[in-house]
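For reference, the structure discussed in these notes is given below.
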Amino acid sequence: MKNSTVHSLIKCSAILILLALPFIISAQKNNDFYFDENGNSIKKSKFEKKVYKDGYLDIKEIRNDSVMHRLVFREEEGTINKNDLGQLRDYLKKCTGETFSSNEIIVIIYYPGKDPCNSSGVANTDRFLIKKYHQNLKQGLEEQGNVHLVNLYKSYEGLKPQKGIVKWYPDVDGEIEQRFFKQHYPCRSYVVINTTGAYYAYFGEYPDSTIIDVVKIFNEKNKEK
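Per the working numbering, the very first residue in the sequence shown carries number 5; after that it's consecutive.
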């Protein structure tokens, strides 16, 4: 009886190993490659240090059996010329139906589509918290004066909990994505555009207070003129 039981266990173990073998082989084939923000190959340890200590994002791309990890800095500053800024306002009007004045600072919150970062946690699913955070942001921006907030999305999937609370509009021709948010940054991102065309973009998850801080800085610069 004991021999029969042992034989059965050995047989079952052999079958399980055979079934798991393709997955083991597949896992062994997967290779991770790491690149800095300039596309240069670097060691995993250096890559992880930049992510965890220096504020970079880990943007992943799967190619065949390999995962390519690329560093992306979370902040970007630049300037939009007067003509392009006018066209940007016209495009935002096309997306939202709202008019964007030349004396308004523009704040764009960009949602790239559902991902693990923006689809988990009560802050993304609890309607009470969503409403509270949105109202606090709106109030903080209104206190700065002449600020136009707009929420744009690439894909609406995952935004249903915010329906009736936050007005989301489609990036109809993908112009905002192409100009500011070329990658799928986790959660969402934002860009603040001054009346002069100077802008500050932040990629990936952020506290709303940082948006208000950037607007304050732009307002102070505008007063210095």
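All residues carry an ideal CB built from backbone N, CA and C; glycine is no exception.
Problem - 8 Å Cβ cutoff met for T83 and A202 - result: Yes, the Cβ-Cβ distance between T83 and A202 is below 8 Å.
Practice task
Tell me, to the nearest whole angstrom, how far the beta carbon of Y38 is from that of K47; I am working on the premise that it is less than 8 Å.
Solution key: 7 Å
Problem - Closest residue to D36 among K135, G59, V71 and W172 (Cα-Cα distance) - result: V71
Handout entry: Identity of the residue in N226, V176 and I215 nearest K98 by Cα
Key = V176
Exercise for the section: Note down the Cα distance separating E41 from R78, rounded to an integer number of angstroms. Expected result: The alpha-carbon of E41 is positioned some 11 Å away from that of R78.
Handout entry: Whole-angstrom distance between S45 and C121, CA atom to CA atom
Key = So the two alpha carbons sit approximately 27 Å from each other.
Practice task
Can you tell me the Cβ-Cβ gap for L156 and Y114, rounded? I've got them flagged as a contact below 8 Å.
Solution key: 5 Å
Practice task
Please determine if the segment 213-226 and the segment 87-102 are in contact, where contact requires at least 3 C-beta pairs separated by less than 8 Å.
Solution key: By the Cβ test, the segment 213-226 is not in contact with the segment 87-102, since fewer than three Cβ pairs between them sit closer than 8 Å.
Practice task
State yes or no: is the C-beta of T200 within less than 8 Å of the C-beta of S106?
Solution key: no
Problem - For D40, three-class secondary structure by DSSP - result: If DSSP states are grouped into helix, strand and coil, D40 belongs with coil.
Practice task
Output the boundary residues of the beta strand (DSSP E) element that contains R67.
Solution key: Counting along the chain, the beta strand (DSSP E) containing R67 begins and ends at Y60 to R67.
Practice task
Rank W172, G149 and F132 by C-alpha distance to the C-alpha of I227 and give the top, closest one.
Solution key: First, the residue type needs correcting, since residue 227 is Lys and not Ile in the sequence shown. K227 has its Cα closest to that of G149, out of W172, G149 and F132.
Handout entry: Cutoff 8 Å; reference I66; Cβ partners in own chain excluding five residues on either side
Key = M72
Problem - Extent of the continuous beta strand (DSSP E) run through I109 - result: I109 to Y115
Problem - Identity of the residue in V151, E161, I63 and P165 nearest I109 by Cα - result: V151
Problem - Residue nearest to K225 in terms of C-alpha spacing, selected from T214, Y210, I197 and G208 - result: Taking each of T214, Y210, I197 and G208 in turn and checking the Cα distance to K225, the smallest one comes out for I197.
Practice task
Would you check if the distance between the CB atom of V111 and the CB atom of I215 is smaller than 8 Å?
Solution key: yes
Exercise for the section: Identify the continuous beta strand (DSSP E) that holds F77 and give its terminal residues. Expected result: S70 to F77
Handout entry: Spatial distance of G117 from E209 (CA atoms)
Key = 13 Å
Exercise for the section: Reducing DSSP to helix, strand and coil, say where E52 ends up. Expected result: helix
Handout entry: For P165 and N128, believed in contact at Cβ under 8 Å, the rounded distance
Key = Confirmed, about 7 Å.
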